[in-house]
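Number of protein chains: 4
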Amino acid sequence: MKEQKYSVFLMNVGSCADRYCPGYGRPFSTQELFERCAGIPQLSGVDIVATPDLMQEKALVQQCVQETGLEVVSIAADTFTEEKWRQGSFSAPDPEVRAQAVEHGKAVMDWCDELGTDLLTLWLGQDGFDYIFQADYIQMREWLIEGIRELCDYRPDMRVGLEYKLKEPRTHSLVSTVGTTALTVQAIARENCGVILDYGHALLGQENPAESVAILKQFGDLLMHVHINDNFRYWDDDMIVGSVHCHEFMEFFYWLERTGYDGWITIDQFPYREDGRDAVAESAEWLELLRQKSLSVDADEIAEVLRQKDGVAASRLMRKLIGGTR
Amino acid sequence: MKEQKYSVFLMNVGSCADRYCPGYGRPFSTQELFERCAGIPQLSGVDIVATPDLMQEKALVQQCVQETGLEVVSIAADTFTEEKWRQGSFSAPDPEVRAQAVEHGKAVMDWCDELGTDLLTLWLGQDGFDYIFQADYIQMREWLIEGIRELCDYRPDMRVGLEYKLKEPRTHSLVSTVGTTALTVQAIARENCGVILDYGHALLGQENPAESVAILKQFGDLLMHVHINDNFRYWDDDMIVGSVHCHEFMEFFYWLERTGYDGWITIDQFPYREDGRDAVAESAEWLELLRQKSLSVDADEIAEVLRQKDGVAASRLMRKLIGGTR
Amino acid sequence: MKEQKYSVFLMNVGSCADRYCPGYGRPFSTQELFERCAGIPQLSGVDIVATPDLMQEKALVQQCVQETGLEVVSIAADTFTEEKWRQGSFSAPDPEVRAQAVEHGKAVMDWCDELGTDLLTLWLGQDGFDYIFQADYIQMREWLIEGIRELCDYRPDMRVGLEYKLKEPRTHSLVSTVGTTALTVQAIARENCGVILDYGHALLGQENPAESVAILKQFGDLLMHVHINDNFRYWDDDMIVGSVHCHEFMEFFYWLERTGYDGWITIDQFPYREDGRDAVAESAEWLELLRQKSLSVDADEIAEVLRQKDGVAASRLMRKLIGGTR
Amino acid sequence: MKEQKYSVFLMNVGSCADRYCPGYGRPFSTQELFERCAGIPQLSGVDIVATPDLMQEKALVQQCVQETGLEVVSIAADTFTEEKWRQGSFSAPDPEVRAQAVEHGKAVMDWCDELGTDLLTLWLGQDGFDYIFQADYIQMREWLIEGIRELCDYRPDMRVGLEYKLKEPRTHSLVSTVGTTALTVQAIARENCGVILDYGHALLGQENPAESVAILKQFGDLLMHVHINDNFRYWDDDMIVGSVHCHEFMEFFYWLERTGYDGWITIDQFPYREDGRDAVAESAEWLELLRQKSLSVDADEIAEVLRQKDGVAASRLMRKLIGGTR
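Chains as they are written, first to last, in my numbering: chain A, 1 to 326; chain B, 1 to 326; chain C, 1 to 326; chain D, 1 to 326.
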């Protein structure tokens with residue numbers, strides 16, 4: 001069995017806020033966060049969000065990386081935690097804001113290089129709209145495409161991944177589904193541009209995440225990175241992996257394997273009321289458990305079930321994977 | 001481990017239609033259907049819908065019951081397959097239709113008695129509304145309450161169970177959720193009136209089915225019968241049990257046990273494209289598998305986890321139940 | 001046409017945060033917030049949340065109320081903005097937290113009295129659960145019922161209203177739907193306990209809000225207060241009233257009128273990216289517009305349409321209300 | 001104001017079935033259906049589904065078209081009403097079924113020609129999957145692409161439009177969203193292949209239908225035809241246009257106009273419990289009402305609101321369109 005590399009977003013082992021409660025737990029220092037990540041056996045990498053605070057601590061981050069031995073898997077541009085992005089970043093109506101988004105993206109690409117990763121994550125949560133009759137859809141998307149293309153051209157040695165999500169914090173995102181995102185990447189038309197699939201985002205968008213992996217393979221081999229968590233399908237609950245669903249994770253692993261994905265899987269959750277480290281550790285345990293189960297039946301046997309296209313055969317396979325076939 | 005009795009709706013082992021395709025498989029005779037049910041080892045009961053056709057075959061049904069040895073668990077009144085019910089049955093605006101609904105209900109209660117069961121199932125799929133400004137909500141519900149009360153009074157030796165469902169075939173049902181149904185049963189105010197919980201209906205109404213069991217215990221010990229199937233949470237997909245979710249079935253079994261439910265569990269699914277018998281057999285296998293898993297951890301240990309009210313502890317318990325704890 | 005009194009939550013005219021962005025606009029002082037509310041012509045009342053900060057400013061609040069002439073419609077207990085409530089308030093596993101919830105509720109009731117209102121609002125957002133197998137549903141609800149009953153008994157001269165919401169910030173709330181809330185109020189069994197209906201919460205719970213008004217009338221005349229806003233049905237988007245739907249607001253007004261509701265309607269929205277005052281002023285304009293439209297057709301004519309129970313007749317009525325019938 | 005041409009699906013003025021009730025009304029003959037369509041003043045066209053029954057009546061259809069003077073707007077291939085398509089048509093696992101799908105598609109293209117339209121509608125409702133682990137996503141989509149390409153090549157003088165829908169009758173469709181459909185059309189890579197947008201399908205897929213029009217313009221000018229109806233966002237309720245939403249229809253008309261769409265709009269609904277003709281006539285009234293409202297504000301003024309990207313400005317515009325601005 002090939003090894004799968006797991007990472008986690010640094011902030012996941014800390015505390016969370018929501019729109020009602022500004023903090024469900026105590027703040028953690030950057031060093032503490034790195035140490036907490038490093039203490040989880042299954043994890044060998046870390047993903048970072050380039051918040052203003054953290055970009056003030058570049059030397060400290062560098063030091064933490066070295067001390068913990070964690071690999072930096074990707075840095076996400078932060079175009080969503082500050083008021084100035086409230087009407088979008090690359091697609092904002094204000095040209096000054098759009099310029100700042102591009103500038104920030106370039107700075108993060110340089111930081112990626114310094115920290116030894118070639119992957120910039122773009123999750124454009126504020127680039128969307130809330131109200132009917134609020135937006136010029138074509139103009140917004142054109143600006144977004146232009147801005148990201150400029151990033152791709154700035155550092156052709158780096159990869160730029162677009163992470164899609166149907167909604168939240170806006171009621172509608174521009175980079176919304178596997179389909180619109182693949183179209184957008186095609187329009188950007190740069191070799192170093194691709195897609196980041198967040199399992200929970202796919203689920204809340206009523207996608208079957210395994211099918212989304214297949215779609216990204218089929219329409220240009222676009223998958224660059226994977227985020228993982230669980231939810232109740234209606235919202236980005238960002239819960240512990242495997243705490244709601246089992247079968248879909250196993251199918252997801254099967255299709256990652258089959259399409260030759262050899263990148264990282266990064267845990268990305270919001271443990272509002274749980275201890276962040278314990279919640280991430282739980283996800284890591286589930287990931288290995290479900291991945292092993294997904295590999296417990298031979299890939300050829302699974303392929304044969306898929307060929308039959310029969311619901312009963314699929315159910316039998318899932319029972320076998322879960323461990324209950326007589 | 002106490003034995004759990006399983007049943008199935010007779011039609012489930014046959015063929016299905018939907019609004020596009022009038023038949024995804026060949027028709028089956030009543031005898032064939034009974035034989036197919038009887039051929040599934042885990043099942044010892046059968047539930048029947050009192051369609052006009054079947055009520056013409058009472059002698060045949062009686063004979064099939066005797067020959068197969070299946071116990072008749074309940075008969076459901078049919079207030080949904082004929083055009084006359086299109087604006088409702090017990091709550092229809094036409095007093096003649098309401099009278100027919102009561103008359104039909106009484107006839108089915110008598111048939112229940114003949115077939116050795118004391119449970120009338122009322123799933124009032126046509127009693128609801130589709131459009132905004134289409135209905136007088138108070139008047140409809142009053143008629144519905146009156147009509148069902150009349151049934152309860154007709155045969156105090158029989159039980160009358162209301163099966164709730166948020167929607168479909170109407171966009172809104174009157175007997176919609178665990179809460180409105182318990183209120184309605186309280187308003188009917190008869191000892192022999194209670195609630196039938198369909199697991200998939202609870203799920204599509206965004207209920208946690210185990211919590212719904214607890215609610216029915218807490219507010220009057222109202223649970224009379226259980227239907228089971230699986231879905232993707234958005235719609236009554238009526239799929240094979242366990243084919244989408246695992247944990248919630250295990251929690252559901254735990255709460256049935258804890259609240260002292262000692263009735264039947266009836267498989268109720270629509271195998272549009274599958275062989276009906278095979279799909280039901282799959283559900284039966286899953287039911288036993290998941291029930292055994294739910295009982296694999298001591299009830300006291302589960303109660304202790306619930307007392308902690310911690311997401312991480314819940315996740316660990318679920319991993320243990322699924323069989324993956326180290 | 002009878003006058004309808006409108007209020008707004010004080011914080012609505014200020015700035016909002018979400019889980020990503022700690023502030024989409026500048027902070028406003030309490031005085032500024034009161035002045036901004038007072039500047040909106042249609043509003044004559046204000047609702048307050050008893051946050052720790054505001055409870056430190058009781059004298060200032062008193063003064064603002066006097067200066068602006070706004071009537072205090074209700075004060076909401078704050079059992080959701082502090083870390084200590086993260087596993088619930090009245091239903092928390094920790095008896096000390098439950099005691100604090102009761103104590104806080106009593107203090108807010110006294111403050112209500114000081115500010116000239118008799119209505120305590122309880123929105124118990126943290127009283128619920130996130131994970132499967134996380135909670136003892138029966139025990140939680142018992143504690144919740146006991147605690148609220150204690151409040152009702154503390155001040156029989158005051159009213160205690162439970163505001164329901166299906167979910168958020170928990171994935172599942174205890175006080176979730178119109179049905180479970182009415183059952184809970186019945187179990188509390190105190191004359192001064194009732195229900196607060198938030199229009200948007202009803203919508204996201206897949207209720208028809210007008211039907212929910214009817215249900216609360218029918219099962220005990222329980223409606224005490226109304227909150228209003230709009231959303232896309234999937235989530236509590238807390239948007240400007242009328243910005244997504246029109247017909248359902250008109251039907252809602254019709255049923256409020258018909259059931260004899262004579263209380264306030266309080267705007268309750270989250271203008272993340274809008275100017276708070278302007279967004280509230282918009283809602284006030286829409287409310288009057290849609291209420292006038294709902295009253296533009298005679299109530300008897302509407303009742304006659306409802307009696308017909310015909311989708312086409314309902315559609316014709318809505319076209320007439322919107323102003324488009326030929 | 002430019003004239004907008006409206007059509008209707010022939011069956012819409014007849015009777016419907018669902019999975020419970022095989023018929024909510026009496027059957028209508030083909031002649032009756034044509035006459036009922038022709039009796040609705042706003043309609044000048046008709047869309048047809050090439051069911052086996054109707055393909056036996058080609059001469060009669062021809063005659064009805066001539067007698068009523070209705071223009072045939074498009075014919076939809078019927079790959080969803082017969083048992084043989086239950087595991088798909090162009091993507092079915094059985095090569096014989098795939099061949100039949102292609103053959104049927106060609107026959108319908110020829111019939112289109114005979115009836116004076118150049119547009120073949122492909123709604124591939126059975127091409128999808130129900131269960132996790134049931135399908136080989138890549139293989140299915142390849143077959144689907146190949147089959148449709150063959151149709152495009154068969155008659156380069158005809159247009160082939162793919163109508164997408166997230167789900168139903170399968171729990172997951174292959175041609176699912178605006179994004180995946182545009183990708184599929186790009187992969188088919190034929191000039192005469194495009195997209196058919198069903199307003200209600202877009203809505204249930206959580207798309208903003210106006211944005212979907214913009215996306216189809218931006219990524220290849222792919223929009224070929226429009227179907228229209230209304231729903232509660234969760235399901236393809238196929239209700240009377242305007243009976244649930246108003247603003248989104250107005251925005252939709254604005255974007256159709258702005259992107260230069262000059263095709264037909266075809267009413268496509270399921271009047272289960274209504275008189276079919278009356279329900280269609282209602283939709284026609286609503287369409288003209290909402291279209292006129294959408295044109296009541298100058299396009300430049302709307303464009304200016306969109307440029308502002310402000311929720312309050314959007315709300316004000318919608319109030320103005322609805323007719324309520326002071």
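Glycine included, C-beta positions come from ideal geometry on N, C-alpha and C.
- Among the residues facing chain A, Val-280 (chain D) is not included, as its CB has no counterpart in that chain under 8 Å away.
- With respect to the C-alpha of Thr-121 (chain C), the residue from C:Val-160, C:Ala-107, C:Leu-216, C:Leu-204 having the closest C-alpha is C:Val-160.
- The C-beta of Ala-214 (chain C) has 16 or more other C-beta atoms within 10 Å across all chains shown, which makes the residue buried.
- Two segments are said to touch when three or more pairs of C-beta atoms, one from each, lie closer than 8 Å; by this definition the stretch 100 to 118 of chain D touches the stretch 82 to 92 of chain D.
- Only residues of its own chain outside the window of five on either side were considered, and among them Tyr-272 have a CB closer than 7 Å to the CB of Asp-18 (chain D), listed in chain order.
- Spanning the alpha carbons of Thr-81 (chain C) and Val-108 (chain A) requires a straight line of approximately 34 Å.
- Minimum Cα-Cα distance from Leu-295 (chain D) among the listed residues D:Leu-317, D:Glu-211, D:Ala-279 corresponds to D:Leu-317.
- Within chain A, the C-beta atoms nearer than 9 Å to that of Val-305 (chain D) come from Phe-133, Gln-134, in chain order.
- Closer than 9 Å at the C-beta level to chain C, one finds these residues of the stretch 78 to 93 of chain A: Phe-80, Thr-81, Glu-82, Glu-83, Trp-85, Arg-86, Gln-87.
- Any Cβ of chain B closer than 8 Å to the Cβ of Met-318 (chain C) would place that residue at the interface, and such an atom is present.
- Less than 8 Å separates the beta-carbon of Leu-287 (chain A) from that of Ile-228 (chain A).
- In the structure shown, the three-state DSSP call for Ala-189 (chain D) is coil.
- Not a single C-beta of chain B is nearer than 8 Å to the C-beta of Gly-39 (chain A).
- CA-CA distance, Glu-191 (chain D) to Gln-139 (chain D), rounds to 24 Å.
- The criterion of a C-beta distance shorter than 8 Å is not satisfied by Ile-322 (chain C) and His-247 (chain B).
- In the structure shown, the three-state DSSP call for Val-175 (chain D) is coil.
- Nearest to Leu-115 (chain C) by alpha-carbon distance, out of C:Pro-156, C:Gly-69, C:Gly-125, C:Asp-153, is C:Gly-69.
- Between the alpha carbons of Glu-146 (chain D) and Cys-152 (chain D) lies a distance of about 10 Å.
- Check the Cα spacing between Val-72 (chain D) and each of D:Arg-141, D:Lys-58, D:Glu-3: the tightest is with D:Lys-58.
- With respect to Asp-268 (chain A), Phe-28 (chain A) sits apart: the two C-beta atoms are not nearer than 8 Å.
- One thing to note: Arg-307 (chain A) has its Cβ no nearer than 8 Å to the Cβ of Asp-53 (chain D).
- Straight-line measurement puts the Cα of Gln-126 (chain C) at about 56 Å from the Cα of Pro-41 (chain D).
- Looking at the backbone, the Cα of Val-97 (chain C) and that of Phe-129 (chain B) are separated by about 44 Å.
- Listed in chain order, the non-local C-beta contacts of Arg-233 (chain B) below 7 Å within the same chain comprise Leu-203, Leu-204, local neighbours out to five positions each way being set aside.
- In the three-state DSSP reduction, Met-158 (chain D) falls in the coil class, being neither helix nor strand.
- Below the 7 Å Cβ cutoff, chain C contributes Tyr-137, Ile-138 as neighbours of Ala-214 (chain B), in chain order.
- Taking a C-beta distance under 8 Å as the contact criterion, Ser-15 (chain A) and Asp-47 (chain A) do not qualify as a contact pair.
- When the Cα atoms are used, Thr-184 (chain C) and Gly-263 (chain C) turn out to be separated by approximately 22 Å.
- Taking Val-175 (chain A) as the centre and dropping the five residues before and after it, the same chain places the C-beta of Leu-124, Leu-162, Tyr-164, Thr-181 closer than 6 Å to its C-beta, in chain order.
- For Ser-315 (chain B), a Cβ of chain C is located within less than 8 Å of the residue's own Cβ.
- Here Leu-166 (chain B) is not near Val-195 (chain B), since their CB atoms are 8 Å or more apart.
- The Cβ atoms of Glu-282 (chain C) and Ser-315 (chain D) sit closer than 8 Å to each other.
- As computed with DSSP, His-225 (chain C) is found in a beta bridge with C:Ile-196.
- Taking Thr-79 (chain D) as reference, the option from D:Lys-106, D:Ser-243, D:His-225 with the minimal CA-CA separation is D:Lys-106.
- Annotation: the stretch 247 to 303 of chain B contains the following complete segments of the alpha helix (DSSP H) (minimum length 4 residues), in chain order: 247 to 258, 276 to 295.
- Around the C-beta of Gln-134 (chain B), 16 or more other C-beta atoms lie within 10 Å, and the residue is accordingly described as buried.
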